[in-house]
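A.B. asks:
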Amino acid sequence: MRHLLLEAGDFCVRRGFHPASDMYRIMKERDLPWLDLEAGDPVRESSVVGFGISTEILYTNVLSLLDLMKLELRSENRQTGDPIILAGGGGLANPVPLMPFVDVFFLGEAEAGLLPLMRVLCSGMSRENKLQRAAELPSVLVPRYYSGGTVRWAVADRLNIADAPVNQIVPMAKVTHDRAVVEISRGCTRGCRFCQVSQLARPVRERTPEDVLELIQKAVESTGWEQAGVLTLSFSDYSKLNTLLKGFTEIEEKLHVRISQPSLRPDTLPGIQSKRFFKGSITMAPEAGTERMRRIINKPLSREEILLAAETASQMGASGIKLYFMIGLPGETDEDVVAIAELADTVAGIMGRKRKVTAAVSPFVPKPHTPFQWAHQPDHKELWRRIQLVRSNTRRAKVAWNDPRVSAVEYFLCSRGEESQSILERAYREGAVFDGWSDLFRWDIWEKLLDEAGHADFKVGDNLPWNFVDTGVNRQWLIREYKRASDEEVLPDCREAGCSLCGGCNGEVLPFPEPVSAVTVVERSEQRPAVERIRIRFTKTGLSRFTSHLDMVRMWTRALRRSGLPMYYSPGYARRMKLVFSQPIPLGMGSECEYLDFQLVESVDIHRVSASLVPVLPAGFSITAVKELSGKYRSPDFMVTAAEYIIHGVDRIDKLVDYLSGSELVSSISVLDSDRVCMVSDPRSRDSRPDRVLNAAGVRYEFIVRSNIYVADQTGQLVPVLAVNEGEIANEG
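In terms of numbering that gives the first Met the number 0, the sequence shown opens at residue 0 and continues consecutively.
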């Protein structure tokens, strides 16, 4: 959503995230406002506050953020000057639980109608007029003005290259999905009966291989990420898969990047004859342990196909396999549950003792707009019994699982009507926040409230609370699919058997995917030798001082990649830059004299080095010197013998000076003014670290900045690292 609004050029878009639990507690205790990331302004001062909600389990966090903004939880109690609360995302297939708390819902894919809505909400009209006008737009639900009828789930006609985010946000810290991402297709023709997104995202739309490869290249070049990935429900079903895989290898060679592929269907793995696609661990999703259950869910994989895929992965050098299963599916018996353990152990036997096989078990949650929306979720105690059944029967594979109690809350929030609204509000007011985090989940609150609410008793064909949301998929087709599941009948892929009249498209059928056996791999070229070595001095100030050393190393790797400089990469499969930094400083300490050495495969003027790097560095990092190294130079992490520190905000300078009088912890200390001192010490000694010295002296301070680092030359004089070469360094032996 954010990139669409920024590309439109009409909006100022800022980001805000829910504070972590410790910060959240402090903000509540001290009555601090929720601030945006870009400007640090209170989020409440925005015209519109939009929530992207990916799953129902985040609903209490939405209420929590409304509270942090000092807004009334319920929309009907808000005032004229309050921001409009907008919500969208895949977690709103049943928006009923949140309807009292959200002013405006946009239901569906943002490309298909978000911009007209935002132009209304950000216009100069009164708050009430904005809501009235918004209620007239397609795919928009304004609870205050909803009086019945259907709201169509928005679906984009095509995946335009202009709508794809290229200048993606690169986090400073290491995150789970730490890579550039490009969506290659949306939707799926397989028709798994439990899968909500395949129903909401019909019909299938694909980007051309040329568009995908262009987007990946641009995203990698603009972000500097060393890895890229693709988003799709079924990678194996991409119709031009061969062309895409060949393009991937060419980009990997050209940009020194690794492109990770999503999990392939087990029945397609044996056709891939390149070991490069099996590097690391792979994932497969049988979903059920027996062929009978896989027929029920319309995922007709045979046991032989799964085991052949495992044999292929083993032969091609995969380091492990992660298998995804669900428990609690309609028609499941204990025999089907035990079969999960047996199948996982058989795969583990094929992979061998040195390679890891994990069976990840998740409780089934019946989702709105799927054939299984009328199904019942077993009680959380029964789900836990089935998980224990898998665990007790597994000998070789590792078993991981999701908490059935969290799944029980998710089921309640996605499957209930107006009765869920007061339960949700009560849960939040009693302390339920961060329901998606296992260590913060409050089952003691939810268990009582779920018992009060009772169980839903749906029968196949019943009208459901979310029926007013029209996804385009025919309701009678969903009923027929549920009955096919009861009869263990498989509905073939519509690309094989023709249109099944689900209502999700106009009957046009995508071509069947290319056979993957024809994949070709581009051979890697010889790495060019390094011809020039560069040393730069840079600062690390402001908020950047809270960036850890390892995060800073990743930041510089990506900044150098973004710069376009002809970097030297190590030979071998996993080619990496050779970067050498000066000695790390403690987290929270600033620095005006960090050093970095790197190598280039072409001679480059040092002014170009600086000009290329300055625009791609984040705030707090700036280059203060660049030097070309000739001859033999020691690395900056080895040669340092002394460091100078400026300590700011010292409360008892006299006490510090007295403590250090005659001490060998520091080489020198001088008073700069009423609350600043300069200290020189040996950075190789842990006891001489300025923060440790200050703590030992019992002196408070605001922050520390390393202002210079030195090496002793042959005369014993301290010389800045940038200015000295190896022949001038004193013999430390």
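Just so it is clear, CB atoms sit at the ideal spot from N, CA and C, and this is done for glycine as well.
For Ser361, name the three-state secondary structure that DSSP assigns.
C.D. replies: Locating residue 361 in the sequence shown gives position 362, where the first residue counts as 1. Of the three classes helix, strand and coil, the one that applies to Ser361 here is strand, per DSSP.
A.B. asks: Look at the alpha carbon of Leu717 and the alpha carbon of Tyr709, and state the distance between them as a whole number of angstroms.
C.D. replies: Here residue 717 corresponds to residue number 718 of the sequence shown, with the count starting at 1. Here residue 709 corresponds to residue number 710 of the sequence shown, with the count starting at 1. Using only the alpha carbons, I get a separation of about 6 Å.
A.B. asks: Tell whether a beta-carbon distance below 7 Å holds between Met26 and Val42.
C.D. replies: Within the sequence shown, the letter at position 27 stands for residue 26. Within the sequence shown, the letter at position 43 stands for residue 42. Result no, Cβ atoms of Met26 and Val42 do not sit closer than 7 Å.
A.B. asks: Per DSSP, what kind of secondary structure is Asp66 in: helix, strand or coil?
C.D. replies: Here residue 66 corresponds to residue number 67 of the sequence shown, with the count starting at 1. In the structure shown, Asp66 sits in a helix (DSSP, three-state: H, G or I).
A.B. asks: What does the Cβ neighbour count give for Trp436, buried or exposed, with the cut at 16 atoms within 10 Å?
C.D. replies: In the sequence shown, counting from the first residue as 1, residue 436 sits at position 437. Trp436 should be labelled exposed.
A.B. asks: Considering only the beta carbon of each residue, do Ala347 and Arg302 sit closer than 7 Å?
C.D. replies: Locating residue 347 in the sequence shown gives position 348, where the first residue counts as 1. Locating residue 302 in the sequence shown gives position 303, where the first residue counts as 1. No, the pair does not count as a contact, with Cβ atoms beyond the cut-off.
A.B. asks: Leaving out five residues on either side along the sequence, give the residues of the same chain with a beta carbon under 6 Å from the beta carbon of Ala317.
C.D. replies: Stepping through the sequence shown from its first residue, residue 317 is reached at position 318. Closer than 6 Å at Cβ, skipping near neighbours: Phe277, Ile281.
A.B. asks: Taking all protein chains shown into account, do 16 or more other C-beta atoms lie within 10 angstroms of the C-beta of Phe324, making it buried, or fewer, making it exposed?
C.D. replies: For the purposes of this step, residue 324 is taken as the residue at position 325 of the sequence shown. Buried, by the Cβ-count rule.
A.B. asks: With which residues is Glu598 paired in a DSSP beta bridge?
C.D. replies: Numbered from 1 along the sequence shown, position 599 holds the residue referred to as residue 598. A small correction: the amino acid at residue 598 is Gln; Glu does not occupy that position in the sequence shown. Answer by DSSP bridge pairing, in chain order: Arg532.
A.B. asks: Could you give the distance in angstroms between the alpha-carbon of Leu240 and the alpha-carbon of Phe234?
C.D. replies: To locate residue 240, count along the sequence shown from 1; it is residue 241. To locate residue 234, count along the sequence shown from 1; it is residue 235. Distance between the alpha carbons of Leu240 and Phe234 is about 8 Å.
A.B. asks: For the beta strand (DSSP E) holding Asp672, just list the boundary residues, first then last.
C.D. replies: Against the sequence shown, residue 672 aligns to sequence position 673. Where Asp672 is concerned, the enclosing beta strand (DSSP E) stretches over 667 to 672.
A.B. asks: Would Thr222 pass as a contact of Ala163 if the rule is Cβ separation under 7 Å?
C.D. replies: Numbered from its first residue, the sequence shown carries residue 222 at position 223. Numbered from its first residue, the sequence shown carries residue 163 at position 164. Taking 7 Å as the Cβ cut-off, Thr222 and Ala163 do not qualify as a contacting pair.
A.B. asks: When you compare only the Cα positions, how much space is there between Ala484 and Met566?
C.D. replies: Start at 1 with the first residue of the sequence shown, and residue 484 comes out as number 485. Start at 1 with the first residue of the sequence shown, and residue 566 comes out as number 567. Their Cα atoms are separated by approximately 57 Å.
A.B. asks: Between Gly648 and Glu701, how many whole angstroms is the CB-CB distance? I'm expecting something under 8 Å.
C.D. replies: Looking up residue 648 in the sequence shown gives position 649. Looking up residue 701 in the sequence shown gives position 702. The Cβ separation is near 3 Å, so the contact holds.
A.B. asks: Compare the beta carbon distance of Phe204 and Arg157 with 7 Å and say whether it is the shorter of the two.
C.D. replies: One-based indexing of the sequence shown puts residue 204 at position 205. One-based indexing of the sequence shown puts residue 157 at position 158. Phe is not the amino acid found at residue 204; the sequence shown has Arg there. Yes; because the gap between Cβ atoms is below 7 Å, this pair is in contact.
A.B. asks: In the DSSP assignment, find the beta strand (DSSP E) that holds Asn401 and state where it starts and stops.
C.D. replies: Looking up residue 401 in the sequence shown gives position 402. Premise fails: Asn401 is in no beta strand (DSSP E) and is neither H nor E.
A.B. asks: Check the DSSP bridge columns for Val229 and list the partner residues they point to.
C.D. replies: One-based indexing of the sequence shown puts residue 229 at position 230. For Val229, which the question treats as bridged, DSSP gives the partners Val181.
A.B. asks: What does a CB cutoff of less than 7 Å around Ala751 pick up in its chain, not counting 5 residues either side in sequence?
C.D. replies: Absent from the model: residue 751. The displayed extent of the chain is 0 to 732, so no value can be given.
A.B. asks: Only counting the same chain, and skipping five residues up and downstream in sequence, which positions put a Cβ closer than 7 Å to that of Ala284?
C.D. replies: Counting from one through the sequence shown, the residue named residue 284 turns up at place 285. Counting only Cβ-Cβ distances below 7 Å, and skipping sequence neighbours, we find Ser262, Tyr323.
A.B. asks: For Cys501, count neighbouring C-beta atoms within 10 Å of its own C-beta (all shown protein chains included) and say buried if the count is 16 or more, exposed if not.
C.D. replies: Along the sequence shown, one-based indexing puts residue 501 at 502. By the 10 Å Cβ count, Cys501 comes out buried.
A.B. asks: Once you ignore the five residues that flank Arg527 on each side, which residues in its own chain have a CB closer than 7 Å to its CB?
C.D. replies: Against the sequence shown, residue 527 aligns to sequence position 528. Closer than 7 Å at the Cβ level, and outside the excluded window around Arg527, lie Val600.
A.B. asks: Relative to the C-alpha of Asp681, which candidate in Asp672, Ala695, Arg675, Ser666 has its C-alpha closest?
C.D. replies: What you label residue 681 is simply residue 682 of the sequence shown in a count that begins at 1. The option with the nearest alpha carbon to Asp681 is Ser666.
A.B. asks: Tell me which residues share the same chain as Ala134 and place their Cβ nearer than 6 Å to its Cβ, disregarding the 5 neighbours each side in the sequence.
C.D. replies: Within the sequence shown, numbered from 1, the residue matching residue 134 stands at position 135. Cβ neighbours of Ala134 beyond the five flanking positions: Val141, Tyr144.
A.B. asks: Run through the region 103 to 155 for me and flag every whole alpha helix (DSSP H) of 4 or more residues, listed as ranges in chain order.
C.D. replies: Runs of the alpha helix (DSSP H) inside the region 103 to 155: 113 to 120, 126 to 133.
A.B. asks: Classify His368: buried if its beta carbon has 16 or more other beta carbons within 10 angstroms, exposed otherwise.
C.D. replies: Here residue 368 refers to the residue found at position 369 when the sequence shown is read from its first residue. The residue is buried, with at least 16 neighbouring Cβ atoms inside 10 Å.
A.B. asks: Taking Gly147 as the reference, give the member of Val154, Asp550, Val139 with the closest Cα.
C.D. replies: Reading the sequence shown from its first residue, position 148 is the one you call residue 147. It is Val139 whose Cα lies nearest to the Cα of Gly147.
A.B. asks: Please list the segments of the alpha helix (DSSP H) lying wholly inside the region 623 to 691, counting only runs of 4 or more residues, in order along the chain.
C.D. replies: Entirely contained in the region 623 to 691, the alpha helix (DSSP H) runs reaching 4 residues are, in chain order, 652 to 659.
A.B. asks: Count the other C-beta atoms from every protein chain shown that fall within 10 angstroms of the C-beta of Cys11, then say buried if there are 16 or more, exposed otherwise.
C.D. replies: Within the sequence shown, residue 11 is the residue found at index 12, counting from 1. It counts as exposed.
A.B. asks: Is there contact here, the region 616 to 632 with the region 529 to 539, by at least three beta-carbon pairs under 8 Å?
C.D. replies: In short, these stretches touch, since the Cβ pair count reaches three.
A.B. asks: Could you please give the first and the last residue of the uninterrupted alpha helix (DSSP H) stretch that includes Ser581?
C.D. replies: Taking the sequence shown and counting its residues from 1, the one referred to as residue 581 is at position 582. No alpha helix (DSSP H) holds Ser581; DSSP gives it neither H nor E.
A.B. asks: Check the C-beta distance from Phe193 over to Leu328 and give it rounded, since I have them as a contact under 8 Å.
C.D. replies: To locate residue 193, count along the sequence shown from 1; it is residue 194. To locate residue 328, count along the sequence shown from 1; it is residue 329. Sure, about 7 Å apart at Cβ, within 8 Å.
A.B. asks: Would you call the region 577 to 587 and the region 544 to 554 touching, i.e. three or more CB-CB distances under 8 Å?
C.D. replies: As far as the Cβ criterion goes, the region 577 to 587 touches the region 544 to 554, which means the pair count is three or higher.
A.B. asks: Provide the residue span of the beta strand (DSSP E) that contains Ser46, from first to last.
C.D. replies: The residue you call residue 46 lines up with position 47 of the sequence shown. No beta strand (DSSP E) holds Ser46; DSSP gives it neither H nor E.
A.B. asks: One question on the structure: do Val679 and Glu643 come within less than 7 Å of each other, judged by their Cβ atoms?
C.D. replies: In the sequence shown, residue 679 corresponds to position 680, counting from 1. In the sequence shown, residue 643 corresponds to position 644, counting from 1. In contact: Val679 and Glu643 (Cβ atoms closer than 7 Å).
A.B. asks: When the distance is taken between beta carbons, is Val336 closer than 7 Å to Arg385?
C.D. replies: Position 386 of the sequence shown, counted from the start, is the residue given in the question as residue 385. Position 337 of the sequence shown, counted from the start, is the residue given in the question as residue 336. For Arg385 and Val336, yes; Cβs fall inside 7 Å.
A.B. asks: Give the secondary structure of Met27 by DSSP, where H, G and I count as helix, E and B as strand, and everything else as coil.
C.D. replies: Counting from one through the sequence shown, the residue named residue 27 turns up at place 28. Note that residue 27 is Lys in the sequence shown here, rather than Met. Note: Lys27 maps to helix in three-state DSSP.
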